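Trainee: Going by this note's numbering, the first sequence opens with residue 108, and the numbers climb by one from there. By construction, the Cβ of each residue, glycine as well, lies at the ideal position given by its N, Cα and C atoms. The model shown is predicted, which means the values in this text are computed figures rather than measured ones. If you scroll down you'll find the structure; I have some questions about it.
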Amino acid sequence: MIDLKYLQNNFNEASSKLQKKGVDTGTLEKLQALFQNLKEANAKLEAAKAEQNSMSKLFGQYMREGKDITELKAKVDANKEAMVPLQEQAREAEEALYRVALAVPNFPEDSVPAGTDEDDNVELRKVLEPKSFTFEPKEHWALAEKNGWIDFERGVKLAKSRFSVLRGDAARLERALINFFLDTNREKGFEELCVPFMNNAQMLQGTGQLPKFEDDLFKIEGEDLYLIPTAEVPLTNMYNDEILSEKELPVLMTGYTPCFRKEAGSAGRDTRGMIRQHQFDKVEMVAIAHPDQSDEVFEMMVQNASDILAALGLPHRVVELCGGDLGFSAARTIDLEVWLPGQNKYREISSISNTRDFQARRAKIRFKEGKKNRLVHTLNGSALAVGRTLIAIMENYQNEDGSIEIPEVLKKYM
RNA sequence: GGACAGUUGGGUGAGUUGGCUGAAACCACAUCCCUGCUAAGGAUGCGUACUCGUAAGGGUACCGAGGGUUCGAAUCCCUCACUGUCCGCCA
108 MIDLKYLQNN FNEASSKLQK KGVDTGTLEK LQALFQNLKE ANAKLEAAKA EQNSMSKLFG
168 QYMREGKDIT ELKAKVDANK EAMVPLQEQA REAEEALYRV ALAVPNFPED SVPAGTDEDD
228 NVELRKVLEP KSFTFEPKEH WALAEKNGWI DFERGVKLAK SRFSVLRGDA ARLERALINF
288 FLDTNREKGF EELCVPFMNN AQMLQGTGQL PKFEDDLFKI EGEDLYLIPT AEVPLTNMYN
348 DEILSEKELP VLMTGYTPCF RKEAGSAGRD TRGMIRQHQF DKVEMVAIAH PDQSDEVFEM
408 MVQNASDILA ALGLPHRVVE LCGGDLGFSA ARTIDLEVWL PGQNKYREIS SISNTRDFQA
468 RRAKIRFKEG KKNRLVHTLN GSALAVGRTL IAIMENYQNE DGSIEIPEVL KKYM
C-alpha cells in the first residue's frame with residue numbers, strides 16, 4: 108500500500124509518479140478525499156468515546172460513594188445512542204478507503220523509464236553472445252518430443268490444459284537445476300527455507316496479490332488458503348506483523364516451490380510448449396532490507412541471477428522495466444531475458460523487484476531503529492525460473508540430431 | 001475427526017466475585033551511576049497502531065480473531081482460529 112500521508116502532503120508529486128503506472132489523478136483524488144473523510148469520522152467517534160469513557164468512570168465513582176445516578180445514567184445513555192451513527196460512519200469510511208487504497212499500485216522510482224509496455228523497456232547490457240548454429244535450431248517442444256522429455260498430453264489428462272509432465276532425463280534435469288540454484292543462492296548468503304505451498308488470505312494481501320488479483324489465484328475450496336503463485340509470498344511473509352532488530356538486516360532467504368497461476372489474462376499466449384503453465388517450479392530469492400541498503404541488495408540479487416545464467420552458459424540480457432510494465436507492488440524491476448535460439452528471441456527467465464516499503468506497509472514488517480519502528484524494504488527475484496531454464500538449456504544446448512548436451516556445472520547434479 | 005485444557009506486552013507469568021489494570025512481578029533490552037578488569041550492585045526507561053498539538057502533553061483502539069451483554073469487560077456469553085494432552089487416522 109502506498110503511504111497515504113505522503114499522498115496527502117505531496118499530492119502533485121505522488122500523482123505524477125503514479126501516472127507512470129497508468130493510475131489516473133481521479134483515483135488519487137478520490138483516495139485523498141476518502142482518507143480525509145476517515146480521519147474526520149474517526150475524530151468524531153473518538154471524541155464521543157472519550158466522553159463515554161469519562162462518564163463511565165464517574166459512574167463507578169458515584170456507585171461507590173452511594174450517590175444518585177439517575178441523571179448521569181440518562182446522559183450516558185443518550186451519548187451511547189448518539190455514538191451509533193458515528194460508529195457506522197467510521198466503519199463505512201474505513202471500508203471505502205481500503206477498498207480503493209489496496210488496489211493502488213506502488214510508486215515507481217524516479218529512475219524508472221517512462222513507457223506503456225514491454226516495448227519501452229530499456230536494455231542495460233547483454234551477457235554472453237548467442238552462439239551460432241550450423242543448422243536451424245529447433246524450438247523446445249520439438250526437442251521435447253524428439254527426446255520424450257515432456258508429456259504434454261498426459262499433463263492435460265491428469266489436470267487440464269497448461270499442465271505437463273516431465274519424463275526421464277528432463278525430470279532429472281529439473282531436479283538438478285533446483286539443487287544447483289539453491290546451492291548457489293546459499294553460497295551467496297541466502298538461508299534456504301522449505302515453506303508451505305498454500306498461504307492464507309492475509310499473507311496474499313501482504314505481498315499484494317489480494318484483493319486485486321484474486322482471479323489469478325487458485326483458491327482451496329472451503330478453506331482460507333490459496334496455492335502460492337510464487338515463493339515470494341511465503342518468504343516475504345515469514346516476517347508478517349513482526350518487528351525485526353536492525354542488526355538482523357538484511358534477512359536473505361531462498362526457497363524452491365512450485366508456483367500456481369491461473370494465467371487468467373493470457374488466453375492464447377504461449378499456448379504451445381511449456382513457457383506458460385498453471386504450475387511451474389521456481390527458486391526464489393527474498394530480502395528484507397534496511398531502507399538504506401535496499402539498492403545495494405537489489406544489485407546483488409540481479410548480479411546473482413545473472414551469474415547463475417552465465418554459469419550455465421546461457422546468453423541473456425538485462426532489462427530495466429518501464430513504468431507501464433512494472434508489476435503492481437514493484438517500485439523498480441529488472442528482468443533477465445534468456446536467449447532462446449529456437450524462438451529466435453529473448454524471453455523472461457528472472458524478474459527482480461524492489462518493492463521498497465509497499466509490501467512492508469501491507470504486511471506490517473518493521474525494524475527497530477533506535478526507539479522507533481520503521482518499515483523495512485522488501486525485495487524479491489527469481490534465481491531462477493526452473494522450467495524456463497530447462498527450455499533454455501534445451502534450445503541452447505541442442506545438437507543437429509536433436510540430442511541435448513548437459514551444461515558442465517550441472518553434471519555433478521545428474 | 002472426537003474429548004478435555006489453554007491462548008495476556010520481546011520472554012516467563014499475575015490478574016477471571018466486571019470499574020482503582022494497557023495491564024503486577026521477574027527476566028531480557030537501553031541509558032546513566034558505581035566499580036580498575038572481563039563479575040556484581042544501584043537509578044531510570046522500555047508494547048503497538050491511529051489521531052490532536054510547534055512542543056510539553058492529550059485522545060482512541062488493542063490482553064488469539066470476530067460478535068454480544070453492560071453506563072463500564074483481559075475479566076460474563078456466543079462463534080471461529082490456534083496450541084497442548086488423550087483417542088482415532090495417516091506419509
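Can you say whether residue 171 is buried or exposed, counting buried as having 16 or more other CB atoms within 10 angstroms of its CB?
Mentor: Exposed, since its Cβ has fewer than 16 Cβ neighbours within 10 Å.
Trainee: Please go through the same chain and pick out, in chain order, the residues whose beta-carbon is closer than 7 angstroms to the beta-carbon of residue 303, but skip the five residues on each side of it.
Mentor: Once the five neighbours on either side are set aside, the close Cβ partners of residue 303 are 341.
Trainee: List the whole-angstrom C-beta distance separating residue 472 from residue 482, where the pair is believed to meet the contact cut-off of C-beta under 8 angstroms.
Mentor: About 7 angstroms; that satisfies the 8 angstroms criterion.
Trainee: Can you name, in chain order, every residue of its own chain whose Cβ lies under 7 angstroms from the Cβ of residue 367, other than the five neighbours on each side?
Mentor: Counting only Cβ-Cβ distances below 7 angstroms, and skipping sequence neighbours, we find 325, 334, 335, 336, 385, 386.
Trainee: Over the uninterrupted alpha helix (DSSP H) stretch that includes residue 163, give me the two end residues.
Mentor: Here the alpha helix (DSSP H) through residue 163 covers 132 to 172.
Trainee: According to DSSP, what are the bridge partners of residue 327?
Mentor: Looking at the DSSP assignment, residue 327 forms no beta bridge with any residue, so it has no partner.
Trainee: Quick check: the Cα distance between residue 352 and residue 399, rounded to an integer number of angstroms?
Mentor: Cα to Cα, residue 352 sits roughly 15 angstroms from residue 399.
Trainee: Can at least three beta-carbon pairs, one atom from the segment 219 to 229 and one from the segment 424 to 434, be found at a separation below 8 angstroms?
Mentor: Yes: at least three Cβ pairs fall under 8 angstroms.
Trainee: Of all the options 284, 378, 411, which has the alpha carbon lying nearest to the alpha carbon of residue 392?
Mentor: Minimum Cα distance to residue 392 is reached at 411.
Trainee: Should residue 444 be labelled buried (16 or more other beta-carbon atoms within 10 Å of its own) or exposed?
Mentor: So residue 444 counts as buried.
Trainee: Apart from the five residues just before and just after residue 193, which ones in its own chain have a Cβ nearer than 8 angstroms to its Cβ?
Mentor: Within the same chain, residue 193 has close Cβ partners 148, 151, 152, 155.
Trainee: With 16 other CB atoms within 10 Å as the buried threshold, where does residue 314 fall?
Mentor: Buried, because 16 or more other Cβ atoms sit within 10 Å of the Cβ of residue 314.
Trainee: What are the boundary residues of the beta strand (DSSP E) that residue 458 is part of?
Mentor: 452 to 461 is the extent of the beta strand (DSSP E) around residue 458.
Trainee: Quick one: any contact between the segment 278 to 296 and the segment 487 to 506, if contact means 3 or more CB pairs under 8 angstroms?
Mentor: Enough Cβ pairs lie closer than 8 angstroms, so yes.
Trainee: Give the DSSP bridge partners of residue 358, in chain order.
Mentor: 395, per the DSSP bridge assignment.
Trainee: If you measure between the beta carbons of residue 390 and residue 300, is that distance less than 8 angstroms?
Mentor: No.
Trainee: Measure the CB-CB distance between residue 128 and residue 215 and report whether it falls below 8 angstroms.
Mentor: Yes; because the gap between Cβ atoms is below 8 angstroms, this pair is in contact.
Trainee: Contact defined as beta carbons within less than 8 angstroms: I believe residue 409 pairs with residue 441. What is the distance between those atoms, to the nearest angstrom?
Mentor: With 8 angstroms as the limit, residue 409 and residue 441 qualify as a contact, their Cβ atoms being about 5 angstroms apart.
Trainee: Does the count of Cβ pairs from the segment 343 to 363 and the segment 505 to 519 closer than 8 angstroms reach three?
Mentor: Not touching, per the Cβ criterion.
Trainee: Quick check: the Cα distance between residue 321 and residue 269, rounded to an integer number of angstroms?
Mentor: So the alpha carbons of these two residues sit roughly 19 angstroms apart.
Trainee: Using the C-alpha atoms, what's the distance from residue 235 back to residue 290?
Mentor: Residue 290 and residue 235: Cα-Cα distance of roughly 23 angstroms.
Trainee: Can you check which of these residues, 131, 271, 415, is closest to residue 514 by C-alpha distance?
Mentor: It is 415.
Trainee: Determine the direct distance from the alpha carbon of residue 264 to that of residue 519, and round the result to whole angstroms.
Mentor: Roughly 34 angstroms separates the two Cα atoms.
Trainee: Here's a check: name, in chain order, each residue in its chain whose Cβ is nearer than 7 angstroms to the Cβ of residue 396, leaving out the five neighbours to either side.
Mentor: Excluding positions up to five away in sequence, the list reads 356, 357, 404, 483, 484, 486.
Trainee: Am I right that residue 436 and residue 465 are in contact with their C-beta atoms under 8 angstroms? What's the rounded C-beta distance?
Mentor: About 5 angstroms separates the two Cβ atoms, so the contact holds.
Trainee: Taking only three categories from DSSP, how would you classify residue 221?
Mentor: Looking at residue 221 - three-state DSSP - the assignment turns out to be coil, as it is neither helix nor strand.
Trainee: If you measure between the beta carbons of residue 469 and residue 438, is that distance less than 8 angstroms?
Mentor: Not closer than 8 angstroms, so no.
Trainee: What does the alpha-carbon distance come out to for the pair residue 406 and residue 450?
Mentor: Spanning the two alpha carbons is a distance of roughly 29 angstroms.
Trainee: Which residue marks the beginning of the beta strand (DSSP E) containing residue 468, and which one marks its end?
Mentor: Counting along the chain, residue 468 falls outside any beta strand (DSSP E), though it belongs to the alpha helix (DSSP H) covering 465 to 470.
Trainee: Beta carbon of residue 114, beta carbon of residue 138: below 8 angstroms?
Mentor: Yes, the pair counts as a contact, with Cβ atoms nearer than the cut-off.
Trainee: Take residue 347 and list the residues in its own chain whose beta-carbon comes closer than 8 angstroms to its own, dropping the five residues that flank it on each side.
Mentor: Within the same chain, residue 347 has close Cβ partners 309, 310, 313, 470, 471, 472.
Trainee: Just tell me which of 195, 163, 359 has its CA closest to the CA of residue 522.
Mentor: Because the chain spans 108 through 521 in this model, residue 522 falls outside it and cannot be assessed.
Trainee: Leaving out the 5 sequence neighbours to the left and right, which residues in its chain are closer than 7 angstroms to residue 230 when beta-carbon positions are compared?
Mentor: Closer than 7 angstroms at the Cβ level, and outside the excluded window around residue 230, lie 424, 426.
Trainee: For residue 401, count the other beta carbons within 10 Å of its own beta carbon; 16 or more makes it buried, fewer makes it exposed. Which is it?
Mentor: So residue 401 ends up on the buried side.
Trainee: Using a Cβ-Cβ cutoff of less than 6 angstroms, which residues in the same chain neighbour residue 380 once the five nearest sequence positions on both sides are dropped?
Mentor: Only 247, 248 meet the Cβ criterion.
Trainee: If distances are taken between C-alpha atoms only, which option among 188, 163, 212 comes closest to residue 179?
Mentor: The shortest Cα separation from residue 179 among 188, 163, 212 belongs to 163.
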